[in-house]
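Novice: Sending over a structure as structure tokens; questions will come in a sec.
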Amino acid sequence: MAHAPNSAALCDEYEDCRCDLWSADARVPPKPLGSCTGAVLSVLGGLDDSGRERLQLLRTWWTSTWTKSSLLEIRDGEWVRVLPDISTTWDDAEAELVLYKADPQQPGRVLVTETVMDDEGDWSHRTRSEALRPVP
379 MAHAPNSAAL CDEYEDCRCD LWSADARVPP KPLGSCTGAV LSVLGGLDDS GRERLQLLRT
439 WWTSTWTKSS LLEIRDGEWV RVLPDISTTW DDAEAELVLY KADPQQPGRV LVTETVMDDE
499 GDWSHRTRSE ALRPVP
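Read the sequence shown against our numbering and you will find it ends at 514, with the numbers running on by one and no gaps.
This is the structure we're talking about:
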């Protein structure tokens with residue numbers, strides 16, 4: 379649940395809202411997520427041959443269209459981003475656009491699909507291959 383970062387009070391669109399990402403493992407501290415009123419979570423496996431699962435997180439905010447997607451996993455007892463955040467839209471999320479998938483041409487890399495807007499205001503998708511941050 380979103381809250382004002384300096385109190386336990388619920389926040390509204392006029393405040394700095396924050397969410398916390400929790401793990402079922404009590405040893406993993408919550409990760410604060412700024413500019414967040416909620417989130418949609420999806421567990422993704424098979425992005426590489428490590429057998430590790432990653433968490434795709436789409437933050438909700440007061441805007442109706444744009445959001446950002448984060449790809450995270452737990453490493454050494456804390457949440458870490460394994461790729462830079464990308465922009466997408468709720469229209470894409472509702473259409474089940476796949477944002478992250480294994481790159482069949484380059485093992486260990488992930489095809490990342492981001493939504494971009496051009497100067498005329500038209501949306502398009504840009505896909506690129508990125509390496510996951512290596513596990514230490």
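The beta carbon of each residue, even a glycine, is placed where N, CA and C say it ideally should be.
Specify, as a first and last residue, the run of the alpha helix (DSSP H) that Asp-469 falls within.
Specialist: Where Asp-469 is concerned, the enclosing alpha helix (DSSP H) stretches over 468-472.
Novice: Could you have a look at Pro-512 and say whether DSSP puts it in helix, strand or coil?
Specialist: Three-state DSSP puts Pro-512 in coil, outside helix and strand.
Novice: Note down, in chain order, each residue of its chain lying with its Cβ closer than 6 angstroms to the Cβ of Val-406, except the 5 sequence neighbours on either side.
Specialist: Answer for Val-406: Ile-452 and Gly-455, listed in chain order.
Novice: Tell me Leu-433's beta-bridge partners as DSSP assigns them.
Specialist: Answer is Val-421 and Leu-450, bridged to Leu-433.
Novice: Can you tell me whether DSSP reads Thr-415 as helix, strand or coil?
Specialist: DSSP places Thr-415 in coil when its eight states are reduced to three.
Novice: So the candidates are Ala-402, Leu-436, Asp-470 and Lys-479; which of them puts its Cα closest to the Cα of Thr-415?
Specialist: Of the candidates Ala-402, Leu-436, Asp-470 and Lys-479, the one whose C-alpha sits nearest the C-alpha of Thr-415 is Leu-436.
Novice: What number of angstroms, rounded off, separates the C-alpha of Thr-441 from the C-alpha of Gly-424?
Specialist: One C-alpha to the other measures close to 32 angstroms.
Novice: So, Ser-465 versus Thr-445, is the Cβ gap smaller than 9 angstroms?
Specialist: Yes, they are a contact pair.
Novice: To the nearest angstrom, report how far apart Val-421 and Gly-412 are at their CA atoms.
Specialist: Roughly 21 angstroms separates the two Cα atoms.
Novice: For Val-490, which residues in the same chain have their Cβ closer than 8 angstroms to its Cβ, ignoring the five residues on either side in sequence?
Specialist: The residues are Leu-461, Ile-464, Leu-477, Tyr-478, Thr-505, Arg-506, Ser-507 and Glu-508.
Novice: Once you ignore the five residues that flank Pro-408 on each side, which residues in its own chain have a CB closer than 7 angstroms to its CB?
Specialist: Around Pro-408: Asp-398, Leu-399 and Trp-400.
Novice: I'd like the list of long-range same chain contacts for Ala-471, defined as Cβ closer than 8 angstroms, with 5 residues on each side in sequence excluded.
Specialist: Answer for Ala-471: Val-418, Leu-436 and Thr-445, listed in chain order.
Novice: If you count every other CB in all the chains shown that lies within 10 Å of the CB of Leu-449, and 16 or more means buried, which is it?
Specialist: Its Cβ being crowded by 16 or more others within 10 Å, Leu-449 is buried.
Novice: Closest by CA to Arg-432, which one among Ala-404, Ala-402 and Trp-457?
Specialist: Selected option, being the one with the closest Cα: Trp-457.
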